[in-house]
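>
Residue numbers (our numbering): 572 to 880.
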């Protein structure tokens, strides 16, 4: 197939490109490097099945190619980035998604929209099923992302294009940026530097972390399914942030101490997917353990930074 990936230089985009190229597909990548490093795609510079376009999906474009599938992954995905310019984040989820839906309609392509567990907000239902409407503060500091993704889902459901919606839970992996701003990358960088590891709040808030290869395989299974309603893609291995920090300290053999700071606004207290729908309808289930995934990620961070505690 001929497949377009937006956000192609990010964590998910890199792994998705790798898996699709390994599967024999032709991949066209799009990114404007708002949060990613241009060098992330250097490894495919000589690959004749890979083509790259530097472009912001908010901008209209005349396309001279029809695609079979479009994976729309383009959007700042961590608070430090999406709160940097909230209007830009919101526009990416509205104008950008509109542009991708138009392309999907004209190409008769399947559009896979990367949504998020953030659509559930600070959930009152646990674990979160796709039928849960969420508990989102529409006026809070995270609203540009949370509400933007909720609007994007609505646009997909209203469109005449063939759409698939993936509600992606926390994903991590070796190619995360050091300044990513998310828990795993922050904790690993602090642990490898021997700095104090900062937890906001008491550390008892939970998350469910899915290794990137598992997440991407779930996206591919969803793209090739007939499921047109949202599907949770995540690992139900729920862990407190304090447990996560201790895992990282142990695996990296770090001497870092843990310090606690004030909890950030609208920080969800619990987050864990119910993946029954993905198991039943996609025959997908994550297989990489938290220990193995963190070990691979930490080893990559050590290699890339030249630091080894």
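C-beta: ideal position from N, C-alpha, C; glycine also. Only a predicted model underlies this, so the values are computations on that prediction, with no experimental measurement involved.
Assign residue 615 to buried or exposed, taking buried as 16 or more other Cβ atoms, counted over all protein chains shown, within 10 Å of its Cβ.
Classification for residue 615: buried.
> Looking only at its own chain, which residues have a Cβ that is under 7 angstroms from the Cβ of residue 836, when we skip the five neighbours before and after it?
So the qualifying residues of the chain are 711 and 712.
> On a Cα-Cα basis, can you pick out the residue from 603, 790, 575 and 760 that is closest to residue 826?
Checked all of 603, 790, 575 and 760; the closest Cα to residue 826 is 760.
> Within the present structure, is the beta-carbon of residue 575 separated from the nearest heavy atom of the ligand MG by less than 7 angstroms?
Here there are no bound small molecules, and the ligand MG is not part of this structure.
> Among 767, 689 and 684, which residue has its Cα nearest to the Cα of residue 800?
Of the candidates 767, 689 and 684, the one whose C-alpha sits nearest the C-alpha of residue 800 is 684.
> Run the CB neighbour count on residue 704, radius 10 Å, all protein chains shown included, and call it buried at 16 or more, exposed below.
With fewer than 16 Cβ atoms within 10 Å of its Cβ, residue 704 is classed as exposed.
> Taking 8 angstroms as the limit between beta carbons, can you name the residues of its chain near residue 726, skipping five residues before and five after?
The residues are 665, 668, 669 and 672.
> Straight-line CA distance for residue 833 to residue 771?
The alpha-carbon atoms of residue 833 and residue 771 are separated by roughly 5 angstroms.
> Helix, strand or coil, according to DSSP, for residue 610 in the structure here?
Here residue 610 sits in helix by DSSP.
> What separation, rounded to the nearest whole angstrom, lies between the Cα atoms of residue 613 and residue 580?
About 10 angstroms.
> Does DSSP put residue 715 in a helix, in a strand, or in coil?
Three-state DSSP puts residue 715 in a helix.
> Work out the CA separation of residue 823 and residue 803 for me, nearest whole Å.
Looking at the two C-alpha atoms, the distance is approximately 30 angstroms.
> To the nearest angstrom, how far is it from the Cα of residue 871 to the Cα of residue 755?
When rounded, the distance between both Cα atoms is 13 angstroms.
> Pull up the distance between the alpha-carbon of residue 692 and that of residue 806, whole angstroms please.
Cα to Cα, residue 692 sits roughly 18 angstroms from residue 806.
> What residues in its chain sit with their C-beta under 6 angstroms from that of residue 597, if we drop five residues either side in the sequence?
Same-chain partners within the cutoff: 573 and 620.
> Distance, Cα to Cα, residue 585 vs residue 592?
Their Cα atoms are separated by approximately 11 angstroms.
> Assign residue 844 to buried or exposed, taking buried as 16 or more other Cβ atoms, counted over all protein chains shown, within 10 Å of its Cβ.
Buried, because 16 or more other Cβ atoms sit within 10 Å of the Cβ of residue 844.
> Would you mind sorting residue 858 into buried or exposed? The rule is 16 or more other CB atoms within 10 Å of its CB.
Answer is exposed; the Cβ neighbour count stays below 16.
> Evaluate the contact criterion for the stretch 648–664 versus the stretch 693–700: three or more CB pairs, one atom per stretch, below 8 angstroms.
No contact exists between the stretch 648–664 and the stretch 693–700.
> Is the CB-CB distance between residue 810 and residue 780 below 8 angstroms?
Against a cut-off of 8 angstroms, the Cβ pair of residue 780 and residue 810 comes out as a contact.
> Can you list, in chain order, the residues of its chain whose CB lies under 8 angstroms from that of residue 588, leaving out five sequence neighbours each side?
Correct list, in chain order: 576, 579, 598, 600, 612, 615 and 621.
> Taking contact to mean 3 or more Cβ pairs, one atom from each stretch, closer than 8 angstroms, check whether the stretch 786–797 and the stretch 851–867 are in contact.
Judged by Cβ distances under 8 angstroms, the stretch 786–797 makes contact with the stretch 851–867, as three or more pairs qualify.
> From which residue to which residue does the alpha helix (DSSP H) around residue 639 run?
Careful: residue 639 lies outside any alpha helix (DSSP H) and carries neither H nor E.
> Quick one: is residue 862 near chain D, going by C-beta distance under 8 angstroms?
No chain D is present in this structure, which holds just one protein chain.
> Below 8 angstroms between beta carbons: does that hold for residue 721 and residue 690?
Result yes, Cβ atoms of residue 721 and residue 690 sit closer than 8 angstroms.
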